[in-house]
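What follows is a single structure, written as structure tokens, with notes after it.
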DNA sequence: ATAGTATACCTCGTATATCTACCTATACTC
DNA sequence: GAGTATAGGTAGATATACGAGGTATACTAT
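Residue numbers (the numbering used here), protein chains in the order written: chain A, 8 to 118; chain B, 8 to 118.
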């Protein structure tokens, strides 16, 4: 089978999580599902990456968490983007674009 | 001044070095200069990142090294891409493109 | 002469982040 | 009653880029 182990580039996960939470409050497990869906199964976010990242983002004040009941009737910790989290997202996206632009310059140099 | 500290995404450095050596044999210090030039000063590769990376790539058989004299009349360790190094570069570029494509899908999702 | 800068190589310790593997618990289906 | 999906979590290993430090040579300016 097309067993492809895809590793995230270290440094992109925070941006992706912030972006997903920018779409509205969502719990951790849901974030992993959304990222997988939208990336057409390219990213398969591991729980050992997800939860530490969420705690990190909350500690930095970029996300805030609230326990609520999900649609399936279970407890879930819903994360939403704070105001400084939104700023952080914006700056990370800008940095990402300049960075991929610079990489593209190098990859495009003719042999 | 526009003092911007730019960190590489962890995982991209090997690809960039391999790409530069694909342009022809070049010594370590020259690789750092080329990367900085081509990226229009966006990347400023640190020597503490550069030399360990070169040794790593040589250990894996992707680069081979040879001492020669530079144009400025000094000793330099010239690196060139091996056959499996070229394959590795190709696969890393493919992965990079699929990865940035997947990130783009997520960043593009409307709020 | 000598002081400073650019070139050229290197190592060590630290910080950070992701992964693998493991654990708990509940709801639903077979 | 067993298995799967959902929901949360932690601990340890690994990788890698960075900062700070070191050596040495060639060239330039004073």
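Virtual Cβ for every residue (Gly too), placed ideally from N, Cα, C.
Neighbour list for residue i in chain B, Cβ cutoff strictly below 8 Å
i	result
residue 28/A	The premise fails here: residue 28/A is roughly 11 Å from chain B at the closest Cβ pair, so nothing lies under 8 Å.
Contacts that residue i makes with chain B (C-beta to C-beta distance below 7 Å)
i	result
residue 71/A	Those do not exist, as residue 71/A stays about 18 Å from chain B at its closest Cβ, beyond 7 Å.
Through-space distance from residue j to residue i, alpha-carbon basis
i	j	result
residue 92/A	residue 46/B	29 Å
residue 43/B	residue 17/B	17 Å
residue 54/A	residue 72/A	17 Å
residue 59/A	residue 41/A	18 Å
residue 57/A	residue 39/A	7 Å
residue 96/A	residue 49/A	22 Å
residue 66/A	residue 80/A	28 Å
residue 13/A	residue 113/A	23 Å
residue 28/A	residue 116/B	12 Å
residue 99/B	residue 26/A	26 Å
residue 108/A	residue 76/A	42 Å
residue 62/A	residue 52/B	31 Å
residue 74/A	residue 90/A	20 Å
residue 64/B	residue 64/A	34 Å
residue 37/B	residue 37/A	47 Å
residue 94/B	residue 15/B	23 Å
Contacts of residue i in chain A (Cβ-Cβ under 7 Å)
i	result
residue 114/B	26 and 100
Residue burial classification, residue i (beta-carbon count within 10 angstroms, cutoff 16)
i	result
residue 110/B	buried
residue 120/A	Since the first residue of chain A shown is 8 and the last is 118, residue 120/A is not available in this structure.
residue 69/B	buried
* What residues in the segment 76–88 of chain B bring their beta carbon closer than 9 Å to a beta carbon of chain A? -> Taking 9 Å as the Cβ-Cβ cut-off against chain A, none of the residues of the segment 76–88 of chain B qualify.
* To do: Specify whether the segment 20–35 of chain A and the segment 98–108 of chain A touch according to this definition: at least 3 beta carbon pairs, one from each stretch, less than 8 Å apart.
  => yes
* To do: Give the residues from the segment 36–56 of chain A that approach chain B closer than 9 Å (Cβ to any Cβ), ordered along the chain.
  => 41, 42, 45, 46, 47, 49 and 50
* **Proximal residues, the segment 86–112 of chain A versus chain B, C-beta separation under 7 Å** => 100, 105, 106, 107, 109, 110 and 112
* **Near-chain A residues of the segment 16–27 of chain B (beta-carbon distance less than 9 Å), N- to C-terminal order** => 16, 17, 18, 19, 22, 23, 26 and 27
* **Segment contact, 8 Å Cβ cut-off, at least three pairs: the segment 77–94 of chain B with the segment 28–42 of chain B** => yes
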